[in-house]
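Working notes for the structure below.
Chains as they are written, first to last, in our numbering: chain H, 947 to 1563; chain D, 947 to 1563.
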């Protein structure tokens, strides 16, 4: 079969001509972007065919339409072409999935650790076997466990049993057993045993974080993060859900890709902490409902259809090996409870981490990931909803939008007299585009400088050569080509601002809708969680009027609260029950079902007037 | 890599020259015998290299010694040769593992079925999902189960959850759930459901039987049997245990080979009964302790070393999928309890099947498989032991011994005046050798005809040309070459008789040893179980003095009692607890630990005098 070489990775794959270049890249785990998941809509998977040992079909109408002038420079859509001859395919910089800057920290505004794991290590001296009476290895061990520690009817699965005879005989019958809950032995080893570790995973639509903790001391031993490799199958959950439905083995492809990712994270976390993966005896996972379902192998199809019912809600223990997770052979993975089709265990973990459910202060909690989940409440009443804020907060649908990788503008400043722009990029590399916080920062600064007006229109009266007419109407030049890392001017267009208005209005409207149910309770505290959330300047959020209550409430970033909630539940099993109680108490509001949301969405499109903030900042 | 073609199977394998022909055959599942498991002792794996595309090493001293004259006819030992060039290898008839006649029936002297499975099918109408409140699929189903049937806190594993959303939506939310025990849902399907089936396995050292039963009616739907494919790795358990120890992945090779065998049996049983394998929702397995350990993947090494402690004794439930068994995805396999390193769940199942543990009649139960397990007792006291009777009862170490396959002599008659022999072979094919019952029958007839004397010597005074001097001293011709299927005379030698004396004396001594503990209790009933057991004529057994008590007790064949016990436990879960109580009550005697056994073994070598039986037969 002909060989296809992917540059710059120099990775070779073989093809029988039946798969598109995108599918070949997905199968070979080559980091080629595809926002729409191969539906020929987004144009993100463009590649350059550098060499081919046979004829190549000319660009299709679809390619010409999506790629525009790029077609003449040799660009093609990877989702459109099937190669039947040996070829060399270059994946240009802009089509690559690059390293992300992922938020792994939480802030001081969250709940502190309490160590109360339900896993303990017990040391046993087991009597040696004798001829009469014959007592098997397992039965001798169980007798000692009962006599010495009062633990009755303990159980072992086959993987523990397999270790038992050798463990006893290699250590003169002295073994350390690892007990989970009341009576399950999940591991054993010869001699005095060793450390006990656990991992918590925050499985986001775009990013995945793995926390490796010492279960005895509660010490964080290492943290590793990576892109969710499912991004190759589509940027948002809806595209991935339809990928499952439309492709043979689609669900299994997504499931195995996330499992592989979790295992790579565990391996690198364990290597960094210099511990044996077998000593990781417990896992906790949080994620939105679609990520949860894909990980367990549950069909997410009905999440995308009214009434959006998940397959299950309650928190569950699974044997980690049954999920394919490479930690201790008999370890369990606990998946925290889900609330609804679009409010998952990540939201529950955020509540757990921020202590919202115990607070007497009316609090608005916004988790700005790929979706925006919103919780509003106090101790005795909590409401939640999810808004399809769209990809704007992560750089999607924005002309020069990009993910939070090196070179992304994360914050900027516009001089309100000269309109000069000063900016800060990730890792201080030459600017290549705007990540979520950069887009919000740009919009907020343009509002404060009077370039953007309350309804989102650009003020044509502003006198600067940075404001000009472009393809999509007026646009403001943030970076001149000479200073940018992409040899083009980086601009913010009227259309970009409109995209942002849609996204922020969804959050604003969702928040308002929940708050309206609390008559007379004004929001006193606003917590911004999630990767987007922590890097966004609260001041910028208020300027674009991202949520109601900016003028009266205290706005705090809480960082990766979902990940922190998972860690809390890892080292303290009572937190898992607490998560169950939170889920039971939390009330879900389906925005699609209310006309009020539509009204609020329309009225939430405005920005605050710049003057509202004059005194404060 | 060079190709090796195995004839007459026309199976081709590739080799890099590092493996012996025997190892290649084992890996490719070619039915090549190897009694010693590749230790170059037994000579059973002889093959003929018909063609080779390169030089072949000349026969080694070891080959010459073991194969004798056969070397000149081109025979080689498969365990000795590594082929480095393409070649054609013929596996001659005598080296092939042939189809066995396997005992699958039990007799009327066993306990009757009582149907009381702990698995039931419940029909549910689950309310459809609604927008408010959001209740997940699992939670809606569980609520109905509680309301309608009072079943609380029911659980489902991931494999059931995976089926749930589609099952509900393809049947307007009407589903049949299969409940095991108090609260575990092990399967569900849309609509009204279907039949419930279970399989019981009797995993013997040489043979494996699979019983497929209807769990509702108790009807036996089909029975399938095959050779245990582990035979390719060695005939007896000791050789297989050392194979595990001496070969990389030895345990895994043996484990996967038996699992494959069980899955093939299930598939063929299900096909015959025309049922879907997914509807097999429970399995029960019995076997000797080594077979049990190999199936679960437990290291059997310590079974072969004093004090012969097994890894576990108690009966266990495992998820069938964790053992690799291809039945319902969430079904369990129950493995009945073990007593000792050489008294396994097959013996417990025999007791269960014969009701020995409830009987007021002092009963001796002998399970004559590859090993001989012996139980003696009455309701309140039961003793057991295991004797390494050796392979003689299955044709091993006997000049013309063979397994119970077509052409084996299973019974014969010697005219005491003319010494003419009349015989019955399996499937009435031309005689090729003697299987276990044929060896016993031949010895018994030779005793009755006065050819063999009480101490096992041949009476030289007997006047017949059938009695002659052979390689191993005197021998008696049972079949002349002209009438045999192998173009050779089939004889019984003095050495063969000595082998049989050793084997029968082990059984006799073990039985006597147990009976001596019951002072004054004479054996009233002798039950012969196992493949060997049923086909052996009780009269022949008494003539060779296989066990004490022949003159006073009633001797009955009970057939495959172990398999029947497994079936009883399959359809009635209370039998599993009963098996636990039997195991607790049963006392084990380790023969290796007593000098009394040695004394009894020596005195048990004699045959009964022919005159003892004159009146009876």
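Note that beta-carbon positions come from the ideal geometry of N, C-alpha and C, so glycine has one too.
Helix, strand or coil at residue 955 of chain D according to DSSP, with G and I counted as helix: coil
List, in order along the chain, the chain D residues whose C-beta lies closer than 7 angstroms to that of residue 1104 of chain H? 1242, 1243, 1264 and 1268
With a threshold of 16 other CB atoms inside 10 Å of the CB of residue 1292 of chain H, please say whether the residue is buried or exposed. buried
Determine whether the beta carbon atoms of residue 1228 of chain H and residue 978 of chain H lie at a separation below 8 angstroms. no
For residue 1459 of chain H, would you say it is in contact with chain D, using Cβ-to-Cβ distances shorter than 8 angstroms as the test? no
Any Cβ of chain H within less than 8 angstroms of the Cβ of residue 1183 of chain D? no
What are the start and end residues of each continuous alpha helix (DSSP H) run of 4 or more residues lying completely inside the region 1234-1264 of chain D, in chain order? 1235-1242
Can you grab the Cα-Cα spacing for the pair residue 1314 of chain H / residue 1400 of chain H, in whole Å? 23 angstroms
Go through the region 1115-1145 of chain H residue by residue and report every complete run of the alpha helix (DSSP H) that reaches 4 residues or more, in order. none
Please list, in chain order, the residues of the region 1079-1097 of chain H that have any C-beta partner in chain D closer than 9 angstroms. 1079, 1080, 1081, 1082, 1083, 1084, 1085, 1086 and 1088
If we call anything under 8 angstroms between Cβ atoms a contact, is residue 1100 of chain D one with residue 1107 of chain D? no
Please check if any C-beta of chain B sits within less than 8 angstroms of the C-beta of residue 1530 of chain D. No chain B appears in the structure shown, which is made up of the protein chains H and D.
For residue 905 of chain D versus residue 1341 of chain D, is the C-beta distance shorter than 8 angstroms? Not covered by the structure: residue 905 of chain D. The range shown for chain D is 947 to 1563.
With distances taken between CB atoms, is the gap from residue 1207 of chain D to residue 1534 of chain D smaller than 8 angstroms? no
Go ahead and label residue 1510 of chain H buried or exposed: buried means 16 or more other beta carbons lie within 10 angstroms of its beta carbon, across all protein chains shown. buried
Between the Cα of residue 1318 of chain H and the Cα atoms of H:1306, H:1325 and H:1332, which residue gives the shortest distance? H:1332
Mind checking the region 1111-1125 of chain D against chain H and listing, in chain order, the residues whose C-beta falls within less than 8 angstroms of any C-beta there? 1111, 1112 and 1115
Count the CB pairs spanning the region 1007-1025 of chain H and the region 974-988 of chain H that are closer than 8 angstroms, and state whether there are at least three. yes
Within 10 angstroms of its Cβ, does residue 1307 of chain D collect 16 or more other Cβ (buried), or is it exposed? exposed
Complete runs of the beta strand (DSSP E) confined to the region 1383-1442 of chain D [at least 3 residues]: 1413-1416, 1419-1425 and 1436-1439
Using 8 angstroms as the threshold, is the C-beta distance between residue 1475 of chain D and residue 1311 of chain D below it? yes
Can you name the start and end residues of the alpha helix (DSSP H) that residue 1526 of chain H belongs to? 1520-1531
For the 8 angstroms Cβ check, are there 3 or more pairs between the region 1234-1243 of chain D and the region 1073-1087 of chain D? no
Whose C-beta lies closer than 8 angstroms to the C-beta of residue 1348 of chain H among residues of the same chain, with five residues either side of it excluded? 1341, 1354, 1378, 1379, 1380 and 1381
In three-state DSSP terms, what is residue 1095 of chain H? helix
Spatial neighbours of residue 1278 of chain D in its chain, beta-carbon cut-off 8 angstroms, leaving aside the 5 residues before and after: 1126, 1132, 1228, 1229, 1263, 1264, 1265 and 1266
Among residues of its own chain, excluding the 5 on either side of residue 1447 of chain D, which ones have a beta-carbon nearer than 7 angstroms to its beta-carbon? 1402 and 1551
Helix, strand or coil: how does DSSP classify residue 1147 of chain H here? strand
Looking at the structure shown, is residue 1353 of chain D part of a helix, part of a strand, or coil, going by DSSP? coil
List, in order along the chain, the chain D residues whose C-beta lies closer than 8 angstroms to that of residue 1252 of chain H? 1077
Sheet register partners of residue 1065 of chain H (DSSP bridge): H:1126
For residue 1258 of chain D and residue 1525 of chain D, which I take to be in contact (beta-carbon distance under 8 angstroms), what is that distance rounded to the nearest angstrom? About 14 angstroms; that fails the 8 angstroms criterion.
Relative to chain D, which residues along the region 1269-1298 of chain H have a C-beta separation below 8 angstroms, given in chain order? 1269, 1284, 1285, 1286 and 1287
Quick check on DSSP: helix, strand or coil for residue 1303 of chain D? helix
Pairwise C-alpha distance: residue 1198 of chain D and residue 1156 of chain D: 22 angstroms
Whose Cβ in chain D lies nearer than 7 angstroms to the Cβ of residue 1070 of chain H? Per Cβ cutoff of 7 angstroms: no residues; residue 1070 of chain H is ~16 angstroms from chain D at best.
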